[in-house]
Amino acid sequence: MLSTQTRQLRRLTRRDLLKGTTAFGAFVLGSSYVAGAGGAWATEMDALKPETFATLVQMARDIYPHDRIADEYYVAAVKGYDKPEEVDAITAGIDALNDAARNMHELEYADIGWERDRVDVLRSMEDDPFFQRIRGGLVTGLYNQKAVWPVFGYEGESFSKGGYINRGFDDIAWIG
Amino acid sequence: MTAPFELTDDSVVVVIGTGAGGGVLANELAQKGVSVVALEAGGRYLPEDYVNDEWESFGQLAWLDPRTTSGDWRVAKDFSGLPAWIVKAVGGTTTHWAGASIRFQDHEWKALTNYGEVEGASLLDWPIDPREMDDYYDKAEKKLNVTRTNGNPGLPGNNNYKVFEAGAKKLGYTEVHTGRMAINSRDDQDRLMCQQTGFCFQGCKWGAKWSSAYTDIPEGEATGNLEVREKAHVARILHNEAGKVTGVEYFDENGDLQMQKARVVCVAGNSFESPRMLLNSASNMFPNGLANSSDQVGRNYMRHMTGSVYAVFDKPVKMWRGTTMAGIIQDESKHDPSRGFVGGYELETLSLGLPFMAAFLDPGAWGREFTTALDEYENMAGMWIVGEDMPQSTNRVTLNSEVKDQFGLPVANVHFDDHPNDIAMRNHAYDRGTAIYDAVGATRTFPTPPYPSTHNLGTNRMSENPEDGVCNKWGQTHDIANLFISDGSQFTTGAAENPTLTIVALAIRQADHIAGELSAGNI
Ligand SMILES: Cc1cc2nc3c(=O)[nH]c(=O)nc-3n(C[C@H](O)[C@H](O)[C@H](O)COP(=O)(O)OP(=O)(O)OC[C@H]3O[C@@H](n4cnc5c(N)ncnc54)[C@H](O)[C@@H]3O)c2cc1C
Ligand code: SF4
């Protein structure tokens, strides 16, 4: 999934990112594109409204915030919800998130500036099936992307390199 | 090489399941010239098929047929459809296992005598004396080529072990080493030595770790006396009017129902499926299920008192490199009630890759408290806690008729509540595990809750008295002489040790018994 994502991202140039910012510096590009600030990522929407998807991406980052992981991986993690049979459920969930955000902070979720204020909104809906579904999906959707593993130092598969028997299985130097 | 037996051949011993218990039993019987048909629900995967990728491997090997859960254990909340992490494949869970292979301590064979009655627990003594097991443990260690036995050196310590050992020594622990592991520490038995790949839980691609999938199964097949039918899912066990079992019905790989006749049936489907099969085999003659006149089938489910402790340091550890579980502290495994609980526990090194760490470090958690922990993954060390849990008759596998599997059979519901002794022991172990890492400079520690069960025991337990359990000291059911329990479900109590060496030793012993009884014409 990621490689198609990445290819789509590449096709978009900075000049495509025209429309003003609506959500947390994500740009909604016409009716079927959404892009991150500065052209860091952009993706074509298959089914969801771009605003809805952009908010979903922000929600994903707020659930599992890793400052060294770029947006495109959060995009990839939730892109699977961008299909016709998910539109109703995701739209309803994001609408509810925005309702809660307006109640608590008088802003749409993605317009709330501080993470801690957005997290308050998430906490208020923590037991909702929608929140749990998005959170649960991220556990594999985000952390099972091989491309993010290097950020954590994790080296993944090792058989093809002959294991670690000659590659530092016991190379710790600081312990006595 | 495989020996095709006819479905109508009623001279064969049918073994259900090919894991630690069934795989070994099938081979041992075949070596003695007994004809064996082994029926295995899963497919056949060998080292070249295993993948160094946690979720992909899980999808390839794990048992994913539906199950349900109830009770106060956290697994029922976090992983309600996945009470256990076990395998559906030729070789069973010995493809996934880490290889820790330690004997029970003598006193653990007689838990009731040595611990006394514990309120709420259904403790019993095993109907086996520890000395009866010595020879069988010797044979099992030889078969599994366990390190620190039979002249095998220990495995070298990896990064995770070095942190663990240094902390343990600072606390004054003395029984600390790289474990007794069913992993080759040198090339032997036509299998390579451990290459320190670090994917022991995903199937060892080098074949350095013992698994019945590529040892006992092919050895048995080579005799011509063993036929393994894979993707053969047993639905029920049949019996005649005399109350003897006569064969089994199973769904073959096309989903067609077949019937294999049998002289003897041995059940080794692990501790959920074994009682489920017996219960699903209820008949007019045995309305509560086979071998269940005691109403003990499915009861006394044990999963070991478990938990993990992970710790973050200010410098890298890279715990994922090298053998997953080659490290042990045994000082706490004694029975010392002054600690506030009966029985004891082992501490063993453990590492998970990043994808599993995300799923298991603190299931359900989110936000920065969680993500800052994962951010330090490279600097993490980890250990697993495994201790004796109390059998309770209400911890139980039952049939859930509301939920059916792909064959329309009621699934197993697994009910488990922690016993106060389990909780006291877990808290003690969290405290010691944390202290070990603090002693070497941990900046943050995580007392991590139990994962879906990897050790599943007790649901068809052995007992001296037929009213207290399902089978006798040979694993032969009290009710039906030609029906045997051959897996971890026959455990009377769990002891502190990882169970597989004992499952294997019991299977070797049972093969001797069955072969003897067959030639004596008793079954
Ligand atoms: C990740 C992990 C690590 C582990 N590490 C260790 C360790 O270090 N040391 C240790 O001692 N133990 C360890 N274990 C536990 C060990 O794997 C089990 O104790 C052991 O494999 C259990 O043996 P068994 O014969 O009871 O069942 P299994 O090995 O699970 O075999 C049961 C077999 O029966 C088959 N089956 C079930 N139902 C049916 C049916 N209806 N029809 C046909 N076939 C059926 C299953 O597909 C399976 O292949 C670990 C387990 C896991 C998951
Ligand atoms: S670490 Fe050793 S035993 Fe484990 S998978 Fe790798 S080679 Fe096999």
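Protein chains in written order, with the numbering used here: chain A, 5 to 180; chain B, -2 to 520.
C-beta atoms are modelled at their ideal positions from N, C-alpha and C, and glycine is treated no differently.
Predicted model only: the values in this text are computed from it and were never measured.
{"Query": "Segment limits, beta strand (DSSP E) that includes Thr66/B", "Result": "Thr65 to Ser67"}
{"Query": "Segment contact flag, the segment 171 to 188 of chain B with the segment 141 to 157 of chain B, C-beta cutoff 8 Å, min 3 pairs", "Result": "yes"}
{"Query": "Segment contact, 8 Å Cβ cut-off, at least three pairs: the segment 69 to 80 of chain B with the segment 409 to 429 of chain B", "Result": "yes"}
{"Query": "Beta carbon proximity, Thr25/A to chain B, threshold 7 Å", "Result": "Below a pLDDT of 50, predicted positions are generally treated as unreliable, and Thr25/A, at 38, falls in that range; the measurement from the model is reported next regardless. Judged by the 7 Å Cβ criterion, Thr25/A is not in contact with chain B."}
{"Query": "CB contact check: Phe57/A to chain B, cutoff 7 Å", "Result": "no"}
{"Query": "Spatial distance of Tyr168/A from Asp386/B (CA atoms)", "Result": "36 Å"}
{"Query": "Interface positions of the segment 158 to 173 of chain B facing chain A (Cβ-Cβ less than 7 Å), listed along the chain", "Result": "Lys159, Val160 and Ala163"}
{"Query": "The segment 442 to 457 of chain B contacting the segment 98 to 105 of chain B, beta-carbon criterion three pairs below 8 Å", "Result": "no"}
{"Query": "Contact test: Thr144/B Cβ vs ligand 2 heavy atom, cutoff 6 Å", "Result": "no"}
{"Query": "Pairwise C-alpha distance: Cys191/B and Trp317/B", "Result": "15 Å"}
{"Query": "Straight-line gap, Val143/A to Glu373/B (C-alpha atoms, nearest Å)", "Result": "17 Å"}
{"Query": "Whole-angstrom distance between Tyr113/A and Arg120/A, CA atom to CA atom", "Result": "12 Å"}
{"Query": "Alpha helix (DSSP H) runs wholly inside the segment 313 to 377 of chain B, at least 4 long, in chain order", "Result": "351 to 357 and 365 to 372"}
{"Query": "Contact shell at 7 Å, judged by CB to any heavy atom of ligand 2, ordered along the chain", "Result": "Gly167/A, Gly96/B, Ile180/B, Cys191/B, Gln192/B, Gln193/B, Thr194/B, Gly195/B, Phe196/B, Cys197/B, Cys201/B, Lys202/B, Trp203/B, Ala205/B, Lys206/B, Gly319/B, Thr320/B and Thr321/B"}
{"Query": "Cutoff 6 Å; reference Ala210/B; Cβ partners in own chain excluding five residues on either side", "Result": "Val87, Gly88 and Thr92"}
{"Query": "C-alpha gap between Gly24/A and Ala39/A, whole angstroms", "Result": "Model confidence at Gly24/A stands at a pLDDT of 36, short of 50, so the residue's coordinates are unreliable and nothing is read from them."}
{"Query": "Environment of Trp203/B [buried if 16+ CB atoms lie within 10 Å]", "Result": "buried"}
{"Query": "Cβ-Cβ distance between Lys228/B and Gly20/B below 7 Å", "Result": "no"}
{"Query": "Beta-carbon spacing of Gly217/B, Ala38/B below 7 Å", "Result": "no"}
{"Query": "CB contact below 7 Å: Leu60/A versus chain B", "Result": "no"}
{"Query": "Interface flag, Ala323/B vs chain A, CB-CB below 7 Å", "Result": "no"}
{"Query": "Assigned exposure category for Thr321/B - 16 Cβ within 10 Å defines buried", "Result": "buried"}
{"Query": "CB-CB length for Ala265/B against Ile13/B, believed under 8 Å", "Result": "6 Å"}
{"Query": "Between the CA atoms of Ser162/A and Asn170/A - distance to the nearest angstrom", "Result": "12 Å"}
{"Query": "Reduced DSSP secondary structure (H/G/I, E/B, other) of Val143/B", "Result": "coil"}
{"Query": "Backbone secondary structure at His510/B - three-state DSSP", "Result": "helix"}
{"Query": "Pro63/B versus Ser335/B: straight-line alpha-carbon distance, rounded", "Result": "42 Å"}
{"Query": "Reduced DSSP category for Arg441/B - H, G, I as helix; E, B as strand; rest coil", "Result": "strand"}
{"Query": "Neighbouring residues, chain B, relative to Ser162/A (Cβ below 9 Å)", "Result": "Asn49, Gln192, Gln193, Thr194, Gly195, Phe196, Trp317 and Arg318"}
{"Query": "Exposure label - Glu159/A; buried when at least 16 CB within 10 Å", "Result": "buried"}
{"Query": "Unbroken beta strand (DSSP E) run spanning Lys228/B, endpoints", "Result": "Looking at the DSSP string, Lys228/B is not in any beta strand (DSSP E), and its letter there is neither H nor E."}
{"Query": "Buried or exposed by the 16-neighbour rule on C-beta atoms within 10 Å, applied to Arg65/A", "Result": "buried"}
{"Query": "Touch test, the segment 129 to 141 of chain B against the segment 151 to 162 of chain B, Cβ-Cβ under 8 Å, three pairs minimum", "Result": "no"}
{"Query": "Per-residue DSSP class, three states only, for Thr25/A", "Result": "Low confidence applies to Thr25/A: its pLDDT is 38, below 50, so where it sits in the model is not reliable, and the reading given next is rough at best. Thr25/A: strand per DSSP, three-state reduction."}
{"Query": "Straight-line Cα distance separating Ile94/A from Ala27/A", "Result": "Note that Ala27/A scores 38 on pLDDT, short of 50, meaning its location in the model is unreliable; the coordinates nonetheless yield the value given after this. In a straight line, the C-alpha of Ala27/A is about 17 Å away from that of Ile94/A."}
{"Query": "Cβ-based burial, Met299/B [other Cβ within 10 Å; buried from 16]", "Result": "buried"}
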